[in-house]
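Residue numbers (our numbering): 26 to 211.
For glycine and all other residues, C-beta sits at the position ideal for the given N, C-alpha and C.
This one's a predicted model, so the numbers in the text were calculated from it and none came from an experiment.
Everything below concerns the one structure shown next.
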């Protein structure tokens with residue numbers, strides 16, 4: 026086997042290994058991509074959402090969806106800050122069937138999966154053995170691994186962690202009254 030065909034076969038082998046690893050992690054059977062079960066909204070939970078000023082989506086019974094930072098839930102209306110708007114907007118409190126708050130993202134999961142895939146790729150292509158390789162092969166071995174890790178983090182950062190709450194039909198919230206008895210979680 027001459028030098029050029031050896032170099033081409035190692036690049037093809039590395040590409041096949043990388044494609045296999047990406048396929049296996051994207052189709053990982055243990056992933057839990059289902060949304061978490063919805064909980065019943067309580068005054069204390071709503072007060073916690075107020076304190077965190079979380080981005081919230083409001084799903085109305087008639088299919089309307091409103092979203093923005095939850096600023097204040099009043100008796101008959103809700104004050105939110107919509108994206109790109111200069112001033113807060115009041116939306117009706119009546120008719121909301123459920124709400125969903127964003128509590129973070131899956132960047133850590135992406136880092137873990139990206140690191141595992143990157144490490145497997147590095148070992149599979151012999152990234153630790155740089156003694157008998159060309160400059161091009163060395164660059165592929167050394168630069169692809171961090172690119173895999175960064176890609177995993179970017180994919181994870183784009184996936185939101187959410188909490189979903191069912192709003193009872195008779196739900197009433199008094200910010201001032203709840204604020205007097207609210208005990209923050211420790």
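Check whether residue i and residue j have beta carbons under 8 Å apart
i, j, result
"residue 85", "residue 124", "no"
"residue 100", "residue 188", "no"
"residue 118", "residue 103", "yes"
"residue 146", "residue 42", "yes"
Span of the alpha helix (DSSP H) around residue i
i, result
"residue 115", "No alpha helix (DSSP H) holds residue 115; the beta strand (DSSP E) holding it covers 114-117."
"residue 177", "160-182"
"residue 129", "That residue, residue 129, is in no alpha helix (DSSP H); its beta strand (DSSP E) goes 121-130."
"residue 71", "68-77"
Neighbour-count burial assignment, residue i, 16 or more Cβ in a 10 Å radius
i, result
"residue 150", "buried"
"residue 178", "buried"
"residue 170", "buried"
"residue 157", "exposed"
"residue 37", "exposed"
"residue 95", "buried"
"residue 153", "exposed"
"residue 142", "buried"
"residue 159", "exposed"
"residue 3", "One cannot answer for residue 3 here, as it falls past the ends of the chain, which runs 26 to 211."
"residue 135", "buried"
"residue 76", "exposed"
Closer than 8 Å to chain D by CB, residue i
i, result
"residue 126", "Annotation note: the requested chain D is absent from the structure, which comprises a single protein chain."
Chain-order list of residues whose beta-carbon lies under 7 Å from that of residue i (same chain, five-residue window excluded)
i, result
"residue 198", "68, 71, 98"
"residue 55", "The pLDDT assigned to residue 55 is 49, lower than 50, so where the model puts this residue is not dependable, and the model offers no usable value."
"residue 185", "127, 130"
"residue 194", "none"
"residue 192", "66, 121, 122, 123, 124"
"residue 108", "93"
"residue 113", "96, 104, 105, 106"
"residue 110", "none"
"residue 214", "Any answer about residue 214 is impossible in this case: the structure gives the chain only from 26 up to 211."
Distance between beta carbons of residue j and residue i, contact taken as under 8 Å
i, j, result
"residue 91", "residue 65", "Their Cβ separation, rounded to whole angstroms, is 21 Å, which puts residue 91 and residue 65 out of contact at 8 Å."
"residue 132", "residue 88", "With a Cβ gap of about 32 Å, residue 132 and residue 88 do not count as contacting."
"residue 174", "residue 139", "4 Å"
"residue 271", "residue 63", "Nothing can be reported for residue 271, as the shown portion of the chain is limited to 26 through 211."
N-terminal and C-terminal residue of the beta strand (DSSP E) that residue i is part of
i, result
"residue 106", "102-106"
"residue 97", "90-98"
"residue 85", "80-85"
Own chain residues within Cβ distance below 8 Å of residue i, not counting five before or after
i, result
"residue 74", "81, 95, 126"
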